[in-house]
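In what follows, a single structure is set out as structure tokens and then discussed.
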Amino acid sequence: MGSLGSDAKLPWIRTPCLLNPQLSRVAGCNVYLKLENLQPSGSFKSRGIGNLMTQAAAAATGPVHFYCSSGGNAGLACATSALSLGQKATIVIPTIITELMKGKLLDLGVEVHQEGRNWAECDKYMREELLANDPTGIYVPPFDDPRVWDGAATMVDEIRDQLEEPIEAIVCSVGGGGLINGLMQGVEGRPWQDKKPAVVAVETKGADMSGRSNRTIKRTLHQMSYRSPRDDTEAIMECIKAVDDIITDREL
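Per full-length UniProt numbering, the sequence shown starts with residue 1, numbered consecutively.
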């Protein structure tokens, strides 16, 4: 029997999908914005991380303690989800993260550690020094877990319900791969009355590893793993390969 209380609610919400007149005029087609900034954490990560944490808490035999290493958004999603589920959480952030972000996390009542010069170093510290010594600890990855992808896929169902006209394309940003993988699952795993929408991934110029890897067919795992071992990186790379187009923000 899990430890998820009967009064617990899902850590994410159904968000509006609104027509943007300005972008539509520039693009020459109807452009809708899925307002994921209205999520409890302020980003889409509430869906994936919230789904992972909800399932983990429900499957546990007692209280759990969630651990997440993050530069910001994933940590906020973990913190707000833990608050919603009535569970403890510890967030580890790199030393380069601002006091503003640290303050946001502390305001949510979670324990915050600041270790390492980058995400890989703070993740290593969290795993070896904190998580390894807590028998109730559960690791919350920022993006590379099927439960994270399943949570992100809920966005596709909402968009289908909210828009009456056919969806020609879904455009999203790519970082670690959790969002794009979830959207691809949502698109590929559901029947479409009209033509299946294209999925266009957008990366920041200079950090466009997925696009460069895809274009040159060099599918090396370290291009997505950031020097940290990731069990599901191969699945993410397969997803990136199946995306209809990958562009940079300067090409958008």
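Idealized CB from N, CA, C, for every residue including glycine.
Endpoints, the alpha helix (DSSP H) within which C78 is located: N73 to L85
Residues that DSSP places opposite C17 in a beta bridge: K34
Could you compute how far the alpha carbon of A77 sits from the alpha carbon of A89? 11 Å
Ignore the nearest five residues each way along the sequence and tell me which others in V171's own chain have a CB closer than 6 Å to its CB. V200
Strictly by DSSP, which residues pair up with C68? I91
I need the straight-line Cα distance from L163 to L38, nearest angstrom please. 19 Å
Consult DSSP for C172 and reduce its assignment to one of helix, strand or coil. strand
Helix or strand or just coil, what does DSSP make of A198? strand
Considering only residues of the same chain and omitting the five flanking positions on each side of I97, which have a CB-CB separation below 8 Å? G71, G72 and Q114
If you draw a straight line from the C-alpha of P16 to the C-alpha of E36, how long is it? 8 Å
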